[in-house]
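Asker:
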Amino acid sequence: MKLFTDSANVGGKYITIADRGDIRHMLRVLRLGEGDVVEVSDSVRWEYTARIISAEEERVLLQIMDKQAFAREPELEVTLFQGIPKAGKMEGIIQKCVELGVSAVVPVFMERTVVVDKGNFRKKLDRWQKISDEAVKQCKRGRVPLIEDPISSSEAVQKTDDFDLVLLPYENERNYTIKDHLRSLSEKPKSVAVIIGPEGGFSDREAAEFTDRGAVSVTLGKTVLRTETAGMAALAMIMYELEL
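Residue numbers 62 to 305, in our numbering, belong to the letters of the sequence shown in order.
1) Shortest alpha-carbon distance to Gly-82 belongs to which of Arg-120, Leu-226, Val-163 and Ala-148?
2) Are Ile-257 and Gln-129 closer than 8 Å when you measure CB to CB?
3) Return the residue from the list Gly-96, Pro-206 and Arg-183 that minimises the CA-CA distance to Ala-111.
4) Provide the residue span of the beta strand (DSSP E) that contains Asp-83, from first to last.
5) For the alpha helix (DSSP H) holding Ser-193, just list the boundary residues, first then last.
6) Evaluate the contact criterion for the segment 205–225 versus the segment 156–172: three or more CB pairs, one atom per stretch, below 8 Å.
7) Would Leu-243 and Leu-303 be called neighbours here (beta carbons separated by less than 8 Å)?
8) Determine which residues share a DSSP beta bridge with Ile-113 and list them.
9) How many Å lie between Phe-263 and Arg-173 at the Cα?
10) Given a cut-off of 8 Å, decide if Leu-296 and Val-177 are closer than it, judged by their beta-carbon atoms.
11) May I ask you to report which of helix, strand or coil DSSP gives Tyr-75?
12) Please tell me whether Tyr-75 and Leu-123 are closer than 8 Å, where the distance is taken between their beta carbons.
13) For Val-197 versus Leu-228, is the C-beta distance shorter than 8 Å?
14) Return yes when the Cβ of Ser-68 is within less than 8 Å of the Cβ of Arg-204, no when it is not.
15) If you draw a straight line from the alpha carbon of Ser-214 to that of Val-169, how long is it in whole angstroms?
16) What residue range does the beta strand (DSSP E) around Glu-100 cover?
17) Taking only three categories from DSSP, how would you classify Ile-239?
18) Taking C-alpha atoms, which residue in Ala-291, Val-99 and Trp-107 lies nearest to Ile-113?
19) Of the residues Ile-239, Arg-188, Tyr-237 and Arg-274, which one's Cα is nearest the Cα of Lys-220?
20) Starting from Gly-226 and walking both ways along the alpha helix (DSSP H), at which residues does that stretch end?
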């Protein structure tokens, strides 16, 4: 099991786990106790191998056995701007993209988004963040990707100014592939934004807004992928070309 704690809880020799959810999972589900060894991330840079030396309901104290920089965390930061899909598709998108190495996911209300905010969207965000948390523990990454607050497509256009590279996988793009562009780069970017439309795709206005701002329109292949597949496919291609 991999645990996550604030760096403030990490000392020179010991780590304190005080999150009740983590403690409950450790003690009641995994049946861990004194002498058992776990992996711990400080969520910033370091991961530790540590032995449980005391385990109580309020606090678990671990003794550090080994410390090293994140071994499984990608150097490339990729943020997925995902047009919000219907039903439970977002949960699968987040889970798989976290496993593939995404740094953050930004839900986007686009012109063809069917889902509307009826005042309970915060519950969805909390659920999506929990899925990100659980996926990270399973694949043993060093940081938990943030599921950010939803924004409009126009706000997403503005936000992409912060990235070295912005990719727009677009169903109307026929010839210029994501592979073409990634292999044409003279310098490896440090941050990449990937913009994925909802089920109905981008409107012409939205696509023009993104490309006018500097996004590169690319195709992911000869077939048109579903919204719940496109982000994963693009992320896998980016990691293959730029990270490994």
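Note that the Cβ used here is the ideal one computed from N, Cα and C, for glycine as well.
Answerer: Well, looking at it:
1) By 1-based counting over the sequence shown, the position of residue 82 is 21. With distances taken between CA atoms, Gly-82 lies nearest to Arg-120 out of Arg-120, Leu-226, Val-163 and Ala-148.
2) Here residue 257 corresponds to residue number 196 of the sequence shown, with the count starting at 1. Here residue 129 corresponds to residue number 68 of the sequence shown, with the count starting at 1. Taking 8 Å as the cut-off, the beta carbon of Ile-257 is found no closer than this to the beta carbon of Gln-129.
3) In the sequence shown, counting from the first residue as 1, residue 111 sits at position 50. Nearest of Gly-96, Pro-206 and Arg-183 to Ala-111, Cα basis: Gly-96.
4) The residue you call residue 83 lines up with position 22 of the sequence shown. Unbroken run through Asp-83 is the alpha helix (DSSP H), 81–85; no beta strand (DSSP E).
5) By 1-based counting over the sequence shown, the position of residue 193 is 132. Judged by DSSP secondary structure, Ser-193 falls within the alpha helix (DSSP H) whose first and last residues are 182–200.
6) They touch, by the three-pair rule.
7) By one-based count along the sequence shown, residue 243 stands at place 182. By one-based count along the sequence shown, residue 303 stands at place 242. Taking 8 Å as the Cβ cut-off, Leu-243 and Leu-303 qualify as a contacting pair.
8) For the purposes of this step, residue 113 is identified with residue 52 of the sequence shown, where counting begins at 1. Paired residues: Leu-123.
9) Residue 263 sits at position 202 when you count from the first residue of the sequence shown. Residue 173 sits at position 112 when you count from the first residue of the sequence shown. Rounded to whole angstroms, the separation of the alpha carbons of Arg-173 and Phe-263 is 7 Å.
10) Residue mapping note: residue 177 aligns to position 116 of the sequence shown, counting from 1. Residue mapping note: residue 296 aligns to position 235 of the sequence shown, counting from 1. Not in contact: Val-177 and Leu-296 (Cβ atoms no closer than 8 Å).
11) Against the sequence shown, residue 75 aligns to sequence position 14. For Tyr-75, the secondary structure class from DSSP, reduced to helix, strand or coil, is strand.
12) Within the sequence shown, numbered from 1, the residue matching residue 75 stands at position 14. Within the sequence shown, numbered from 1, the residue matching residue 123 stands at position 62. Cβ atoms of Tyr-75 and Leu-123: closer than 8 Å.
13) Residue 197 sits at position 136 when you count from the first residue of the sequence shown. Residue 228 sits at position 167 when you count from the first residue of the sequence shown. Using a Cβ distance threshold of 8 Å, Val-197 and Leu-228 do not count as a contacting pair.
14) In the sequence shown, the residue the question calls residue 204 occupies position 143. In the sequence shown, the residue the question calls residue 68 occupies position 7. Their beta carbons are not under 8 Å apart, which means Arg-204 does not touch Ser-68 by this criterion.
15) Here residue 214 corresponds to residue number 153 of the sequence shown, with the count starting at 1. Here residue 169 corresponds to residue number 108 of the sequence shown, with the count starting at 1. Their backbone Cα atoms lie some 6 Å apart in a straight line.
16) For the purposes of this step, residue 100 is taken as the residue at position 39 of the sequence shown. It spans 98–102 - the beta strand (DSSP E) in which Glu-100 sits, taken as one unbroken run.
17) As a first step, residue 239 is located in the sequence shown; it is residue number 178 there, counting from the start. Looking at Ile-239 - three-state DSSP - the assignment turns out to be helix.
18) Sequence index remark: in the sequence shown, residue 113 carries index 52 (1-based). Out of Ala-291, Val-99 and Trp-107, Val-99 has the C-alpha closest to the C-alpha of Ile-113.
19) As a position in the sequence shown, residue 220 is number 159, starting the count at 1. The shortest C-alpha separation from Lys-220 is found at Arg-274.
20) Position 165 of the sequence shown holds residue 226. A quick correction: the sequence has Leu, not Gly, at residue 226. In the DSSP assignment, Leu-226 falls outside any alpha helix (DSSP H) and lies within the beta strand (DSSP E) extending over 226–230.
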